[in-house]
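Residue numbers (my numbering): 87 to 761.
Glycine is no exception: its CB is placed at the ideal position from the N, C-alpha and C atoms.
Predicted model, so just to flag it, every value in this text is computed and none were measured.
For reference, the structure discussed in these notes is given below.
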């Protein structure tokens with residue numbers, strides 16, 4: 087469906103790019119559709135976030151659903167690709183709220199696991215809906231504002247690929263029959279398409295252009311997988327055995343929690359994650375639940391029931407999981423920080439040299455002109471510079487600065503409103519400054535690897551605050567959690583916005599329109615996320631077998647670890663051993679040059695964060711995801727279609743169970759019995 091009033095094939099590349107910027111993007115219809123799609127994603131993320139800690143941007147499904155809504159209406163002819171970008175930007179801002187505001191980690195950690203003594207108040211902390219809204223508003227905006235200046239550096243100058251953002255742009259372009267702008271219209275001169283394609287686009291663009299034009303086939307795939315996943319969700323509510331199938335025997339199920347959950351959503355998540363990641367998670371599950379947990383029980387280090395967070399094997403192996411993830415994150419942070427500084431210096435020097443050469447060339451041409459050499463001024467006119475996006479379509483640095491200052495003040499004030507003098511002002515300000523620094527790392531890591539290391543960033547912030555807050559402070563655990571939450575929120579939002587801006591940059595959307603989408607989606611998500619959290623807590627007794635909130639346990643135990651709380655017997659020794667091992671692995675994976683003959687074999691070394699996730703989640707979640715990874719690996723043998731169709735297929739599986747979790751929640755609240 088070509089865009090109106092013009093298509094990309096009717097105008098030269100740069101002229102077409104500028105023409106698109108003026109098309110209507112911030113429209114009422116697109117805003118409503120984006121908020122609705124974002125709400126579906128938010129409900130899905132709450133479901134899986136409270137179960138396993140897994141939350142996804144879901145930008146590709148958001149873009150596809152936005153297109154599908156208008157495809158079914160008479161407005162389809164006036165619906166443009168840049169308006170589609172605006173829809174998915176709003177949807178992503180809404181849908182990632184559960185992670186950004188800590189509703190799958192920090193808030194339940196404070197409410198469910200923090201003791202009266204650790205709160206600093208002498209009582210347990212429980213938040214009202216009003217307090218949750220205030221809390222979320224404090225965390226919700228500063229990441230959006232201080233991400234603005236990063237766009238020019240990481241997207242325009244360095245041209246980082248942002249694989250998910252690039253893939254979303256490709257999907258939108260083929261749905262609308264328009265082009266991807268591979269050249270950088272602001273800073274660089276035109277190059278050939280192959281020079282500017284990201285590796286992901288070079289690999290998949292030809293296949294996508296063939297397969298994605300078959301819109302009806304893709305929509306059927308989405309519909310069928312959505313229905314299958316929805317049916318499983320309802321069926322498993324009435325027959326809970328479907329969530330814990332004892333395929334390894336009754337003994338392994340009862341004593342060591344080795345079950346299989348044939349969840350279409352978890353299979354879909356595994357498809358999205360890919361075989362390497364889910365293989366690392368499976369390795370973690372085997373290490374944690376097949377070796378270390380049984381060992382801790384046998385040696386009487388954790389004599390309680392295996393699923394007990396305090397005295398059982400689950401609580402014991404959690405410290406190993408924490409050690410592995412912190413070691414991996416810390417090494418990655420140090421290496422990537424050094425690389426970022428080096429790249430910035432190299433880029434700065436090269437641009438200075440280029441600028442000097444340009445001045446010298448212009449001076450030489452002017453001297454030739456003065457001497458009458460060259461045969462005419464039309465050939466001697468100095469290069470006038472590349473075409474830039476007009477300022478009215480950009481968010482100014484002034485807005486970014488003022489917005490950052492005001493949102494910082496808002497964050498400090500909201501913390502004081504909720505926690506009073508327990509949270510020192512210097513602690514809130516320090517947490518925000520750390521969030522700004524970590525956001526730079528987060529966006530660069532996301533731009534290269536498609537992974538936003540928000541969990542690792544949160545833990546690094548907790549580690550730093552262990553040295554900042556006095557050890558005798560009555561609320562040191564609470565402050566530690568809050569500081570990690572602020573850092574995680576800033577990195578999450580900065581990464582989301584940059585991923586969206588990459589999509590818009592390739593399509594030709596207005597950066598200002600996407601910024602508006604992020605603000606609207608964030609404010610809406612503040613209220614919806616707070617309400618949904620309270621609904622989950624009211625309907626279900628959390629934690630339980632279904633909603634184990636493992637991320638919350640990770641947060642509280644990490645705070646206890648870095649602030650000097652005691653560990654179970656022998657947990658420290660094992661944590662140190664595995665921490666050192668995975669620190670070395672992380673160092674190797676982050677420093678070996680691609681030119682090395684051993685570089686292709688790095689994929690066989692496990693990623694610490696993925697292994698840690700496999701350890702702290704029970705095996706039933708990991709096994710289903712591993713099946714999804716196998717499907718992704720063999721997709722081309724299973725189907726004659728390419729990567730985009732695979733993503734659409736997996737998105738239907740995830741969205742079906744995520745959305746219908748709201749229906750099963752209603753059944754639970756009505757007291758409907760299981761069979």
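| task | Mark residue 361 as exposed unless 16 or more other C-beta atoms lie within 10 angstroms of its C-beta, in which case mark it buried. | result | The residue is buried, with at least 16 neighbouring Cβ atoms inside 10 Å.
| task | With DSSP as the reference, please indicate the residues paired to residue 331 in a beta bridge. | result | Paired residues: 346.
| message | Does residue 708 pass the burial test, meaning 16 or more other C-beta atoms within 10 Å, or should it be called exposed? | response | Residue environment analysis places residue 708 among the buried positions, since at least 16 neighbouring C-beta atoms fall within 10 angstroms of its C-beta.
| field | 8 angstroms Cβ cutoff met for residue 194 and residue 577 | value | Against a cut-off of 8 angstroms, the Cβ pair of residue 577 and residue 194 comes out as no contact.
| Local conformation of residue 183 per DSSP, three classes | Three-state DSSP puts residue 183 in a helix.
| request: Please state whether DSSP places residue 249 in a helix, a strand or coil. | output: In the three-state scheme derived from DSSP, where H, G and I count as helix and E and B as strand, residue 249 is classed as helix.
| task | Taking only the alpha-carbon atoms, compute the straight-line gap between residue 159 and residue 310 and give it to the nearest angstrom. | result | Residue 159 and residue 310: Cα-Cα distance of roughly 21 angstroms.
| message | Using a Cβ-Cβ cutoff of less than 8 angstroms, which residues in the same chain neighbour residue 757 once the five nearest sequence positions on both sides are dropped? | response | For residue 757, where only same-chain residues beyond five positions count, there are no Cβ hits under 8 angstroms.
| query | Any idea what DSSP makes of residue 233, helix, strand or coil? | reply | Coil.
| Nearest to residue 704 by CA position, among 568, 618, 670 and 404, is which residue? | Checked all of 568, 618, 670 and 404; the closest Cα to residue 704 is 404.
| What separation, rounded to the nearest whole angstrom, lies between the Cα atoms of residue 597 and residue 104? | Rounded to the nearest angstrom, the gap between the Cα atoms of residue 597 and residue 104 is 12 angstroms.
| query | Hey, residue 521 and residue 573 are a contact pair by Cβ (cut 8 angstroms); roughly how many whole angstroms apart? | reply | Confirmed, Cβ separation roughly 5 angstroms.
| message | Less than 6 angstroms between C-beta atoms, sequence neighbours within five positions excluded: which residues of the same chain meet that for residue 329? | response | Leaving aside the five residues that flank residue 329 on each side, the residues in its chain whose CB is nearer than 6 angstroms to its CB run, in chain order, 322 and 347.
| request: Label residue 564 either buried or exposed according to how many other C-beta atoms from any shown protein chain fall within 10 Å of its C-beta, with 16 as the threshold for buried. | output: Residue 564 counts as buried, since at least 16 other C-beta atoms from the protein chains shown sit within 10 angstroms of its C-beta.
| For the putative contact between residue 132 and residue 618, defined by C-beta atoms under 8 angstroms, what is the C-beta separation to the nearest angstrom? | Taking the Cβ atoms as the reference, residue 132 lies roughly 5 angstroms from residue 618, within the contact range of under 8 angstroms.
| request: In the DSSP assignment, find the alpha helix (DSSP H) that holds residue 494 and state where it starts and stops. | output: Counting along the chain, residue 494 sits inside the alpha helix (DSSP H) bounded by residues 483-505.
| task | For residue 118, name the three-state secondary structure that DSSP assigns. | result | Judged by DSSP in its simplified three-state form, residue 118 adopts helix.
| query | Within 10 angstroms of its Cβ, does residue 747 collect 16 or more other Cβ (buried), or is it exposed? | reply | By the neighbour-count rule (16 or more Cβ atoms within 10 Å), residue 747 is buried.
| said: Taking 8 angstroms as the threshold (C-beta atoms), are residue 701 and residue 406 in contact? | reply: For residue 406 and residue 701, yes; Cβs fall inside 8 angstroms.
| Going by the beta-carbon positions, is the gap between residue 589 and residue 171 smaller than 8 angstroms? | Yes, these two residues count as a Cβ contact at 8 angstroms.
| request: Spatial neighbours of residue 583 within its chain, please: CB distance less than 7 angstroms, with the 5 preceding and 5 following residues excluded, ordered by chain position. | output: Within the same chain, residue 583 has close Cβ partners 230, 233 and 604.
| request: Check whether the Cβ atoms of residue 409 and residue 613 lie closer than 8 angstroms to each other. | output: No, they are not a contact pair.
| Is residue 720 buried or exposed, if buried means 16 or more other CB atoms sit within 10 Å of its CB? | Of the residues assessed, residue 720 falls on the exposed side of the cut-off, its CB having fewer than 16 other CB atoms within 10 angstroms.
| field | Inter-residue Cα distance where the pair is residue 238 and residue 363 | value | Here the C-alpha atom of residue 238 lies approximately 31 angstroms from the C-alpha atom of residue 363.
| query | Any idea what DSSP makes of residue 405, helix, strand or coil? | reply | In the displayed model, residue 405 falls within a helix according to three-state DSSP.
| Extent of the continuous alpha helix (DSSP H) run through residue 707 | Looking at the DSSP string, the run of the alpha helix (DSSP H) that includes residue 707 is 705-719.
| field | Status (buried if at least 16 other CB within 10 Å, exposed otherwise) for residue 385 | value | By the beta-carbon neighbour count (other beta carbons within 10 angstroms, threshold 16), residue 385 is exposed.
| field | DSSP three-state assignment for residue 687, whether helix, strand or coil | value | It is helical.
| task | Assign residue 382 to one of two classes, buried (16 or more other C-beta atoms within 10 Å of its C-beta) or exposed (fewer than that). | result | Around the beta-carbon of residue 382, 16 or more other beta-carbon atoms lie within 10 Å, marking it buried.
| Taking Cβ to Cβ, would you say residue 187 is nearer than 8 angstroms to residue 135? | No, they are not a contact pair.
| On the three-state DSSP scale, how would you describe residue 337? | Per DSSP, reduced to three states, the secondary structure at residue 337 is helical.
| task | Please determine if the segment 672-681 and the segment 313-327 are in contact, where contact requires at least 3 C-beta pairs separated by less than 8 angstroms. | result | For the pair of segments examined, the segment 672-681 was found not to touch the segment 313-327: the number of CB pairs separated by less than 8 angstroms stays below three.
| query | To the nearest angstrom, how far is it from the Cα of residue 247 to the Cα of residue 636? | reply | Answer to the nearest angstrom: the Cα atoms are 32 angstroms apart.
| query | Given that a residue counts as buried once 16 or more other Cβ atoms are within 10 Å of its Cβ, and exposed if not, what is residue 659? | reply | It counts as exposed.
| task | Could you work out which residue in 112, 196, 167 and 181 is closest to residue 562 when comparing CA atoms only? | result | Sorting 112, 196, 167 and 181 by C-alpha distance to the C-alpha of residue 562 places 196 at the top.
| Apart from the five residues on each side of it in sequence, which residues of its chain come closer than 8 angstroms, Cβ to Cβ, to residue 486? | Counting only Cβ-Cβ distances below 8 angstroms, and skipping sequence neighbours, we find 231, 232, 234 and 235.
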